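Going down the list, the sequences are from chains A, B, C and D.
So for the first sequence, the working numbering puts the first residue at 1341; every next one is plus one.
So for the second sequence, the working numbering puts the first residue at 1341; every next one is plus one.
So for the third sequence, the working numbering puts the first residue at 1341; every next one is plus one.
So for the fourth sequence, the working numbering puts the first residue at 1341; every next one is plus one.
Here a beta-carbon is modelled for each residue, glycine too, at the ideal position from N, C-alpha and C.
Note that this is a predicted model, so its numbers are computed, not measured.
Structure, as structure tokens:
Protein chains: 4
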Amino acid sequence: MKNTAVLLLSSPMPLARKGVVAAISQFLVAHNGSILHSDDHLDPGRDLFLSKLEWDLDGFDLPISEFEEHFQPVAERFMIKYHLALSDYRPKVAILVSAYDHCLADLLYRHSTGELACDIVGIIGNHPTAKPLADFHQVPFHLLTNPQDKRESEREMLELLGQEVDLIVLARYMQILGPEFVGQYLLRIINIHHSFLPAFIGAKPYHQAFDRGVKLIGATSHYVTATLDGGPIIEQDVVRVSHRDTVDDLVRKGRDLEKLVLSRAVRWHLENRILVYQNKTVVFV
Amino acid sequence: MKNTAVLLLSSPMPLARKGVVAAISQFLVAHNGSILHSDDHLDPGRDLFLSKLEWDLDGFDLPISEFEEHFQPVAERFMIKYHLALSDYRPKVAILVSAYDHCLADLLYRHSTGELACDIVGIIGNHPTAKPLADFHQVPFHLLTNPQDKRESEREMLELLGQEVDLIVLARYMQILGPEFVGQYLLRIINIHHSFLPAFIGAKPYHQAFDRGVKLIGATSHYVTATLDGGPIIEQDVVRVSHRDTVDDLVRKGRDLEKLVLSRAVRWHLENRILVYQNKTVVFV
Amino acid sequence: MKNTAVLLLSSPMPLARKGVVAAISQFLVAHNGSILHSDDHLDPGRDLFLSKLEWDLDGFDLPISEFEEHFQPVAERFMIKYHLALSDYRPKVAILVSAYDHCLADLLYRHSTGELACDIVGIIGNHPTAKPLADFHQVPFHLLTNPQDKRESEREMLELLGQEVDLIVLARYMQILGPEFVGQYLLRIINIHHSFLPAFIGAKPYHQAFDRGVKLIGATSHYVTATLDGGPIIEQDVVRVSHRDTVDDLVRKGRDLEKLVLSRAVRWHLENRILVYQNKTVVFV
Amino acid sequence: MKNTAVLLLSSPMPLARKGVVAAISQFLVAHNGSILHSDDHLDPGRDLFLSKLEWDLDGFDLPISEFEEHFQPVAERFMIKYHLALSDYRPKVAILVSAYDHCLADLLYRHSTGELACDIVGIIGNHPTAKPLADFHQVPFHLLTNPQDKRESEREMLELLGQEVDLIVLARYMQILGPEFVGQYLLRIINIHHSFLPAFIGAKPYHQAFDRGVKLIGATSHYVTATLDGGPIIEQDVVRVSHRDTVDDLVRKGRDLEKLVLSRAVRWHLENRILVYQNKTVVFV
């Protein structure tokens, strides 16, 4: 069990050029912090310096609660925006699901193997299918009382989730969330869309793909924003299809894609590898 | 050098169920034709039986010029629409190109290795870049006299190409062809579009992809129809990109995709593997 | 629920050239059988004609129990070896498993969605891990009484499985089966090996891959024969790795590969798509 | 045209933990060097810190010729081994080729588009095929006087290449180089092997792959060492094959793989992205 801190940060150019790496690493060394991994990136417009930095907390002589205060001068000098995360914190995750439970089953299994370092605090369904699976994995399952009423359902979910939930995963949750709900969990809701976005936005993407006669189908995981299927893309993948494949075959092949693409996004989010800017993601892998 | 005939055919269901395979194979056996390969396909709507059939012409006792006449009763009985092609016929191919010549260079090289069984009868450019390459491969190069004038250019091309050309390949030809020109060569023009269609239709797809922050970029080869980037898709492929990639990197990575995806489509067309119906392709590979 | 018959057959060339397709399709038509799909293949050495043929049993006027008798003359004339399978028969499948249960969990989930058309009659483990999972899916679980004793375990399994089992799936069963056991279930045991065979045969392939510094890791599903990891390959796939990946990362990435590659092989076997000859497989997909 | 310096370095742990990043970045800042990109990596055994660092030379107040002298104290303190490369230096590359010229044609075309930032100083062939292609690209072509005599050929090549050549690319050069020749250009010879190493080492890998019935074929680019096909792997890729593919099809599909896999390796080498240790490569992409 590692005991490290991760800093995801951005700093505007040309300010960053004047030694942001030196300043930060200097700061960490001064507090006896040993850098385990750093990866940085100049955004292609060359306006922004983006970086992920991980250091060992064993021996680090600054209480992490005082980090912000002490780091303040460095942050100000380089106009650094940052997010600090600790490896020993286990994020609280809620999963929303509808009738199709393959992504849910996949996430629960991965969680059971230790692949997803989080606590799954609850599953909310607008359909009862997933209940036995939730029980098997000993995760509380909550069935929405009135799944047809979207506003009421969101109110109900907000109450259930509260402020404690760090991440909401839409594991094929087939209801579009309203802006109010989304606004409460900005960049903390990950969705899986069963197409290679921006192709086939909206409903029934496999049918759309079938009708267009594409030779590959895809899946896309992304953060949810107010724009339908328009949020920052985290991960995408595709699989080959042919004229032999019916819509049912596309659905079947797509299930495997969806599981892979959603679970990668969730894992990267939990491992603090994702930095969002300008409606895009930088994934430090 | 093989001496075979290929039949690409369709027959409506439920008529086809009443023995179309038996009838055709019976017909061929009756003329001492030995089937080398057959592959058939029931379209997912189960409305149409589609098939590719190849047989040896050595020993086939029916002169191929009389095939249509003798096959007529079978065709009528099952309402078969078919296309007959002979392996010893070398299709005549013209290539249209603009400033970027990577697809052209790739096609010419493949042709030189024998990978594309055709005669490349000419290259038409609206830009002089490709001239030396054409010369090296000893293929006539024609520079359009007034490349800015689309109507005039198409008239000029129609004159040059005439009726003898079996296939026109748009190897990154950056001019949209008019409906009249397209109508002259229906399902005989193959284009490469540098995106994963239907995502990023139209101009500058790599810039569009970059702006959207996708994690894969694609290329699509398709038959040209009156609808921009809307014709039957023949082949698609993708390559992974990341936040590190600039638009220039996308362009570079895309070049390799375009070459592969276009050359596969051309080869399959030349090998009589493609059957088009309902704005889709069946590729018998 | 379809009601069809599938014929997987081979016939030696040049005998097959003399009308094997016509003869078989003629035979089926004579009995009012309507061919739904046929796909054939001439092996590259051109010695053998291989084919898969599926026809509708609705209206087929020959009782399937009398098929062999009536088909005999055709089979003899073309020296056809064949396997006849019926779509309404649900094969009986047993799964062998050790401590790692990801492939088992995957197979059971797929089975629950209807993706694998079979009855899973039992799970045998040389380790108790998989018991709760088996219980959840209501499949009998049998723990080997003396898992260290290979001979004794095989005797125990033979007794449990008997002759009724159509397919045995080794879902990461980490014990090499003896020739006697294998001989009892020839071409009816499918194994998943966690490497891209023939690279990294034997134990700890992910460690071997890591040590060699490969840039892709793979998984291979194959029929089990007397030669270790040497049986006919059914399916393979790979995933990219980099210097950042530890052996644990390889194991994690590999799990996803193994699940996909094993489940495809099992599905294809159950759907009668696989024909084995010369220690290779023809997969009609 | 950028004017930057790249440092590829390693430093043993736990020494590196005591502030190697801070010390180097501090050193650069002190000389007004602005870091454009840094990427580091702790090898999985956690014994070695590996890093790539690129900084802007515009404004850097230390003449690059004096870098070594001034950097010495930092290097000694952390036992840093490093390689310094300048973006404005164009490496000199020689290409060795036999009868198959697809990789050569590909490299020359890429070079012509600016994709490979180097000077191709010569092509040496043990077969005359590639001569016209070399002429077209205006690169000197040298045909070995006695290609059958391996020792004599290597002597001849050593004379031709001298010490000035930075990189030798074996573009399907079908002759195994002796240890003496290899020793002269350690980690400066890149080969393409037409299999997914370590599968199918040695001669005729496509035939070996065909005989084994694999479902994917691969290609591997690697640095040449004294062990046949055993040097550090730089890049690998695969393509799907099926029972329909003859050995000739494998060869054809393989050509595309070989071109991609070799050209990526060459580009990464030229862009100073590759760090070799323990017979493996770290590729900073």
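- Note on geometry: alpha-carbon atoms of GLY1558(C) and PRO1545(A) lie some 30 Å from one another.
- Taking the Cα of MET1353(A) as reference, the smallest distance to any Cα among ARG1357(D), ILE1375(D), THR1567(D) and LEU1615(D) is reached at ILE1375(D).
- In this structure, LEU1517(C) is the residue among LEU1517(C), TYR1513(C) and TYR1563(C) with its C-alpha nearest to the C-alpha of LEU1498(C).
- Counting C-beta atoms within 10 angstroms of its own C-beta, GLU1394(B) has 16 or more neighbours from the protein chains shown and is therefore classed as buried.
- Between the alpha carbons of ARG1528(D) and LEU1448(A) lies a gap of roughly 48 Å.
- When secondary structure is reduced to three states using DSSP, THR1469(B) falls in the helix class.
- Residue state for ALA1370(A) is assigned as helix, using DSSP reduced to three classes.
- ASN1343(D) is bridged by DSSP to nothing; it lacks a bridge partner.
- A contact between stretches requires three or more CB pairs, one per stretch, nearer than 8 Å, and the region 1434-1450 of chain D meets this requirement with the region 1590-1602 of chain D.
- CA-CA distance, SER1427(B) to TYR1617(C), rounds to 29 Å.
- Proximity of GLN1412(B) to chain A, defined by a Cβ-Cβ separation below 9 Å, is not satisfied.
- When the beta-carbon positions are compared, LEU1402(B) and ALA1511(B) stay at least 9 Å from each other.
- Between the region 1604-1617 of chain A and the region 1573-1580 of chain A there are three or more inter-stretch CB-CB distances shorter than 8 Å, so the stretches are counted as touching.
- Cβ contact annotation for LEU1590(C) (same chain, cutoff 8 Å, sequence separation greater than five): TYR1546, ALA1549, PHE1550, ILE1557 and VAL1581, in chain order.
- The continuous stretches of beta strand (DSSP E) do not include ALA1511(B), and DSSP gives it neither H nor E.
- At a cut-off of 9 Å between beta carbons, ASP1401(C) makes no contact with chain B.
- Judged by DSSP secondary structure, ASP1428(C) falls outside any alpha helix (DSSP H); it is assigned neither H nor E.
- Along the region 1355-1368 of chain D, going in chain order, the ones with a CB nearer than 9 Å to a CB of chain A are ALA1356, ARG1357, LYS1358, GLY1359, VAL1360, VAL1361, ALA1362, ALA1363, ILE1364, SER1365, GLN1366, PHE1367 and LEU1368.
- The Cβ atoms of LEU1610(C) and PRO1413(C) do not sit closer than 9 Å to each other.
- Sixteen is the threshold: since fewer than 16 other Cβ atoms of the shown chains lie within 10 Å of the Cβ of PRO1480(A), the residue is exposed.
- Contacts between VAL1622(A) and chain B, judged by CB atoms closer than 7 Å, involve HIS1583 in chain order.
- Rounded to the nearest whole angstrom, the CA to CA distance from LEU1397(C) to LEU1424(C) is 13 Å.
- When only Cα atoms are considered, MET1514(B) and SER1438(B) end up about 6 Å apart.
- Between ALA1539(A) and LEU1537(B), the C-beta spacing is below 9 Å.
- Counting along the chain, GLN1618(D) sits inside no beta strand (DSSP E), nor does DSSP assign it H or E at all.
- Using a 10 angstroms sphere on the CB of THR1567(B), the tally of other CB atoms stays under 16, which defines it as exposed.
- Of all C-beta pairs linking the region 1463-1473 of chain A to the region 1381-1388 of chain A, fewer than three are shorter than 8 Å, placing the two stretches out of contact.
- Interface criterion not met: the Cβ of ASP1577(B) is under 9 Å from no Cβ in chain C.
- Across the set ALA1370(D), LYS1392(D), GLU1504(D) and TYR1422(D), the C-alpha of LYS1392(D) shows the shortest separation from the C-alpha of PHE1624(D).
- Rounded to whole angstroms, the gap between the alpha carbons of GLU1416(C) and LEU1390(C) is 16 Å.
- When the beta-carbon positions are compared, HIS1451(D) and HIS1410(D) stay at least 9 Å from each other.
- In the three-state DSSP reduction, SER1561(B) falls in the strand class (E or B).
- In the same chain as PRO1468(B), and ignoring 5 residues on each side of it, the C-beta atoms closer than 6 Å to its own belong to LEU1483, in chain order.
- Shown here for ALA1605(D): same chain residues with a beta carbon closer than 7 Å to its own, the five before and five after excluded, namely ILE1530, SER1561, ILE1574 and GLU1575 in chain order.
- For a cut-off of 8 Å, the C-beta gap from SER1378(B) to VAL1361(C) is around 6 Å, short enough to register as a contact.
- Considering only beta carbons, the part of the region 1364-1394 of chain C lying closer than 8 Å to chain B consists of SER1365, GLN1366, LEU1368, VAL1369, SER1374, ILE1375, LEU1376, HIS1377, SER1378, ASP1379, ASP1380, HIS1381 and LEU1382, in chain order.
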